[in-house]
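Peer 1: Attaching a single structure in C-alpha cells format; questions to follow.
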Amino acid sequence: MRLVFAKTIFLKVKYIIIILLFVSVYIFYVTFKNNFVHNLLSTRTKQLSSVILPNIVVHLDFKGAPPKLQYLESLLPLLKSHGVNGLLLEYEDMFPYEGLLANLSAKNCYNKYELKQFIANAHRFGFEIIPLIQTFGHLEYALKLPEFMHLREVQMYPDSICPNKAASLSFIRHVLQQVVEFHKSIVPIKYIHIGCDEVYHINECQQCKKRHLSTTDLFLHHVITITKIVNDLSEKTTVLIWDDMLRHISLKEWYSIDFHQFRNIEIVYWDYESKVKVSHVNLMKYHKKFPNIWIASAFKGADGRTAIIPSEQNRLANHLSWFNFIWNYKFGGETGDTYNFKGIILTGWSRYSHMDPVCELLPTSIPSLIINLLFIKKVKEGVVYDDANHKEDVFFANYLSTDVKNSLLCNRLPSSGNDVTWSSCLFNGVELYNVLKQYIFIRTIITKGLNNDKFSSASIEYYSKLNFINMNTITDNIAWCNNSLYQLLDVEYKVSNVMKRYYKRVFILEYTGYLTFNLKNKLHNLIATLTNYKKRHIWDRGPVMFNISVLPLFS
Numbered sequence: 006m007r008l009v010f011a012k013t014i015f016l017k018v019k020y021i022i023i024i025l026l027f028v029s030v031y032i033f034y035v036t037f038k039n040n041f042v043h044n045l046l047s048t049r050t051k052q053l054s055s056v057i058l059p060n061i062v063v064h065l066d067f068k069g070a071p072p073k074l075q076y077l078e079s080l081l082p083l084l085k086s087h088g089v090n091g092l093l094l095e096y097e098d099m100f101p102y103e104g105l106l107a108n109l110s111a112k113n114c115y116n117k118y119e120l121k122q123f124i125a126n127a128h129r130f131g132f133e134i135i136p137l138i139q140t141f142g143h144l145e146y147a148l149k150l151p152e153f154m155h156l157r158e159v160q161m162y163p164d165s166i167c168p169n170k171a172a173s174l175s176f177i178r179h180v181l182q183q184v185v186e187f188h189k190s191i192v193p194i195k196y197i198h199i200g201c202d203e204v205y206h207i208n209e210c211q212q213c214k215k216r217h218l219s220t221t222d223l224f225l226h227h228v229i230t231i232t233k234i235v236n237d238l239s240e241k242t243t244v245l246i247w248d249d250m251l252r253h254i255s256l257k258e259w260y261s262i263d264f265h266q267f268r269n270i271e272i273v274y275w276d277y278e279s280k281v282k283v284s285h286v287n288l289m290k291y292h293k294k295f296p297n298i299w300i301a302s303a304f305k306g307a308d309g310r311t312a313i314i315p316s317e318q319n320r321l322a323n324h325l326s327w328f329n330f331i332w333n334y335k336f337g338g339e340t341g342d343t344y345n346f347k348g349i350i351l352t353g354w355s356r357y358s359h360m361d362p363v364c365e366l367l368p369t370s371i372p373s374l375i376i377n378l379l380f381i382k383k384v385k386e387g388v389v390y391d392d393a394n395h396k397e398d399v400f401f402a403n404y405l406s407t408d409v410k411n412s413l414l415c416n417r418l419p420s421s422g423n424d425v426t427w428s429s430c431l432f433n434g435v436e437l438y439n440v441l442k443q444y445i446f447i448r449t450i451i452t453k454g455l456n457n458d459k460f461s462s463a464s465i466e467y468y469s470k471l472n473f474i475n476m477n478t479i480t481d482n483i484a485w486c487n488n489s490l491y492q493l494l495d496v497e498y499k500v501s502n503v504m505k506r507y508y509k510r511v512f513i514l515e516y517t518g519y520l521t522f523n524l525k526n527k528l529h530n531l532i533a534t535l536t537n538y539k540k541r542h543i544w545d546r547g548p549v550m551f552n553i554s555v556l557p558l559f560s
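Whatever position you read off the sequence shown (first residue = 1), add 5 for my numbering.
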C-alpha cells in the first residue's frame, strides 16, 4: 500500500516538474522573442536614417463645404502641437473675388475681412499658408457659368479650360492676381499650388489641334505659362503641381523635353490607396528634372464619393504604405544616394469634384487626421514600420493608441480596425461624429427593413400596380413606415442642429437633405401607396397580369 502511495506521489511530482519545465521554456521563448524583436527594431532604427520631411501640410478643401472660420481657428493649436507647419487652402468658389470675377464666388463665400483674420492668425501660429488655385482641370466652378463657358476645351464638359485661347490665359491671370495680391497683403507667399491634375479634356478642340503639339507638350507649355504668370505676380513664389498628368510620359519622351524652365516648379506625387502604387520610374523622372518632390496622402475624401466617415484603418494604411516606400529612399546607380522628400500634404477632400456629392466632413475626420499626424511624428522620431512584419492594427496598438487617447481626450484606449469608435472622446467634432454614426445605424436598419421577407418595398411597389397586396399586412406596414420616417426625421434634426457649430445654414440644408432624401422619398411613397390601397374592397379576376393598370408597362 505504501509502495503504491509512493509511486503516486512520485508521478505527481514528475508531472509537476514537467509542467514547470514547459512553462519555463515558454517564458524564456517569449522573453527571447520580445527582446529579439525589440533589438531588431532598435537596430533597424539605428541603421536607417529618419525620414526628413521639412513640410507637414494639411489640406483644407473648401469646395462646396466651407467650415466656419471660427471652427478652423479653433483647430490651429491642435494642428500645431501635432507637427503641422503648413495649410493648403483650396478655395474654388469660396474665395471672395471682386470686379469682373465677382460671379466666380459662391453666394456663401468667405467674408474678405474674416478670411484675412484667419490667415493672419494661422501665420502667427507658424503655419505656411499655401493657396491652391486650379488652372487647367477641375475648373467647373468657373466654366459652368455662362460668361466663362466659351473657355471650355469641350463645350459639353465644364471641367477643363482651353489653354490656347488668349481669353483663357487672361482669365487665369486675373484669378491668380486677385488671390496672390490678397495673400501678399497679409503674409509672404512662399508656395502656391496651381493644381493641374485630372485634366480630362486636353488637345481636343480645333484651336488646340491646329498647333500640332503632342498632349504632353501642350500640357507642359501651359504649366510653364502659368508659372510665368505666378512669378510675374510674386517673383519668389515656388509653384506646386499635382503629378498625375506626367505619369504616362515615356522615358524616351521625358529626356527629350527641355526642363530648364521648370526650375521654379515642384512636383507633388499623390496616392491615396491603402497600398500605394508609386512608380520608381516616375520618381526617377521627377528627381532628374525637378528641384524637389513632395508626396500627398489622404486623411479623408478617399474612401468613396458618398463616404460619411473616413475609414481610419484605410487612411492609416495609406500613410504606412507611403512611409514604408520612402524610408531611406534610393534611386540606385553608382552613388545610391538617399533622397529626401520636400514635404507631405495630407489631403482632406470635401468632394471628388465641384459637381460631386459631399463626402466626409472635417469635424468627423479629426481622429483620422490626428492618428496620421502622430504616425508621421513617430516616423520622424525614428520609429520604423516594416510592412512585412506589421499590420496597421499592430502598429496602432504598439505606438499610437495611448497618444491618440490623450490627443482626442478619450476615456478609454481606442482600438483600431473597422469597429473603431470615438464616442468616448471629447475632441471638437465628436458630437457630429456621434449623430452621424446614429444616422448610419438608422439608415442601415431602415434599408434592411425595406428589403426583408416580412416587408418588401419592391414587392409592394410592383404588386400595387397589379392591385394585388395582402390586406392583412397593410396596417402593420404603414405603421413601420411611419415609425421609420419619424426616426429618420429625428436624426436629420439632430445632425442639422449639431452642424450649426461648424457650418452655415445653406450647406447644412444641402447636406442633411442629401443624407435623407432617398429614404424619405421612398417611405413617403410607400405610405401613400399603402394608404390608398386600404380603400380597395373589390378585386378583379385573375390572372393578375391582366389588370388594366399594369398594361402600359408592357406596351
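C-beta: ideal position from N, C-alpha, C; glycine also.
Which class does residue 354 belong to by DSSP, given the choice of helix, strand or coil?
Peer 2: Looking at residue 354 - three-state DSSP - the assignment turns out to be coil, as it is neither helix nor strand.
Peer 1: For residue 544, name the three-state secondary structure that DSSP assigns.
Peer 2: Of the three classes helix, strand and coil, the one that applies to residue 544 here is coil, per DSSP.
Peer 1: From the DSSP secondary-structure annotation, give me the bridge partner or partners of residue 63.
Peer 2: Looking at the DSSP assignment, residue 63 forms a beta bridge with 92, 351.
Peer 1: What does the alpha-carbon distance come out to for the pair residue 434 and residue 255?
Peer 2: So the alpha carbons of these two residues sit roughly 46 Å apart.
Peer 1: Tell me, which residues are paired with residue 477 by DSSP?
Peer 2: In the DSSP output, where bridge partners are listed per residue, residue 477 has none listed.
Peer 1: Under 8 Å between the Cβ atoms of residue 479 and residue 538?
Peer 2: Cβ distance < 8 Å, so residue 479 and residue 538 count as in contact.
Peer 1: Tell me the DSSP secondary structure of residue 97 in three-state form.
Peer 2: Correct three-state label for residue 97: helix.
Peer 1: Between the alpha carbons of residue 280 and residue 308, how many angstroms are there, rounded?
Peer 2: For residue 280 and residue 308, the distance between alpha carbons rounds to 13 Å.
Peer 1: So is residue 446 buried or exposed if we call it buried at 16+ other beta carbons inside 10 Å?
Peer 2: Result: exposed.
Peer 1: For residue 369, which residues of its own chain have a beta-carbon under 7 Å away from its beta-carbon, when the five flanking residues on both sides are left out?
Peer 2: Excluding sequence neighbours, residue 369 sits near 314, 434, 437, 438, 441.
Peer 1: Pull up the distance between the alpha-carbon of residue 382 and that of residue 234, whole angstroms please.
Peer 2: Using only the alpha carbons, I get a separation of about 37 Å.
Peer 1: Is the separation between the beta-carbon of residue 327 and that of residue 300 shorter than 8 Å?
Peer 2: Cβ atoms of residue 327 and residue 300: closer than 8 Å.
Peer 1: Within 10 angstroms of the Cβ of residue 231, are there 16 or more other Cβ atoms? Answer buried if so, exposed if not.
Peer 2: It counts as buried.
Peer 1: Under 8 Å: do the region 112-127 and the region 153-172 share three or more Cβ pairs, one atom per stretch?
Peer 2: No contact exists between the region 112-127 and the region 153-172.
Peer 1: Please name the residue, chosen from 201, 67, 271, 76, that lies closest to residue 95 on a Cα-to-Cα basis.
Peer 2: Of the listed residues, the one whose Cα sits closest to residue 95 is 67.
Peer 1: From the DSSP secondary-structure annotation, give me the bridge partner or partners of residue 243.
Peer 2: Beta-bridge pairing links residue 243 to 196.
Peer 1: Since residue 236 contacts residue 220 with CB under 8 Å, what's their CB separation in whole angstroms?
Peer 2: Incorrect: roughly 25 Å between the Cβ atoms, too far for contact.
Peer 1: Of the residues 108, 102, 269, 372, which one's Cα is nearest the Cα of residue 116?
Peer 2: For residue 116, the nearest C-alpha among the options comes from 102.
Peer 1: Among 350, 374, 361, which residue has its Cα nearest to the Cα of residue 321?
Peer 2: It is 374 whose Cα lies nearest to the Cα of residue 321.
Peer 1: Can you tell which of 270, 409, 198 has its C-alpha closest to the C-alpha of residue 137?
Peer 2: Minimum Cα distance to residue 137 is reached at 198.
Peer 1: Does any residue of chain C have a CB that is nearer than 8 Å to the CB of residue 434?
Peer 2: Of the protein chains in this structure there is only one, and it is not chain C.
Peer 1: Where does residue 457 sit, in a helix, a strand or coil, going by DSSP?
Peer 2: Residue 457: coil per DSSP, three-state reduction.
Peer 1: Flag this pair as touching only if the region 284-296 and the region 202-216 have three or more C-beta atom pairs under 8 Å; answer yes or no.
Peer 2: No, the region 284-296 does not touch the region 202-216.
Peer 1: Take the Cβ of residue 183 as the centre, count every other Cβ of all protein chains shown within 10 Å, and call the residue buried at 16 or more, exposed below.
Peer 2: Counting Cβ neighbours within 10 Å, residue 183 comes out buried, since at least 16 surround it.
Peer 1: Where in the region 118-195 do unbroken runs of the beta strand (DSSP E), each at least 3 residues long, occur, reported from the N-terminal end onward?
Peer 2: Here the runs fully enclosed are 133-137, 157-159, 162-166.
Peer 1: Nearest-angstrom Cα distance between residue 164 and residue 148?
Peer 2: Cα to Cα, residue 164 sits roughly 7 Å from residue 148.
Peer 1: Would you kindly check if the distance between the Cβ of residue 417 and the Cβ of residue 362 is under 8 Å?
Peer 2: It is not a contact, given that the beta carbons lie outside the stated cut-off.
Peer 1: Is residue 372 buried or exposed, if buried means 16 or more other CB atoms sit within 10 Å of its CB?
Peer 2: Its Cβ being crowded by 16 or more others within 10 Å, residue 372 is buried.
Peer 1: Going by DSSP in three states, residue 549 sits in which element: helix, strand or coil?
Peer 2: Reduced to three states, the DSSP call for residue 549 is helix.
Peer 1: For residue 280, name the three-state secondary structure that DSSP assigns.
Peer 2: In this structure, residue 280 counts as coil in the three-state DSSP scheme.
Peer 1: Beta-carbon separation of residue 379 and residue 64 under 8 Å?
Peer 2: Contact flag unset, no.
Peer 1: Am I right that residue 364 and residue 306 are in contact with their C-beta atoms under 8 Å? What's the rounded C-beta distance?
Peer 2: Indeed they touch by this definition, with Cβ atoms about 5 Å apart.
Peer 1: If distances are taken between C-alpha atoms only, which option among 496, 189, 194, 347 comes closest to residue 242?
Peer 2: When only C-alpha atoms are compared, the closest one is 194.
Peer 1: Beta carbon of residue 202, beta carbon of residue 247: below 8 Å?
Peer 2: Result yes, Cβ atoms of residue 202 and residue 247 sit closer than 8 Å.
Peer 1: CB-CB under 7 Å to residue 413, same chain, minus the five flanking residues each way: which ones, in chain order?
Peer 2: Contacts found: 372, 375, 427, 430, 432.
Peer 1: Please work out which residues of its chain come closer than 7 Å, Cβ to Cβ, to residue 408, disregarding the five sequence neighbours upstream and downstream, and give them in chain order.
Peer 2: Hits under 7 Å: 379.
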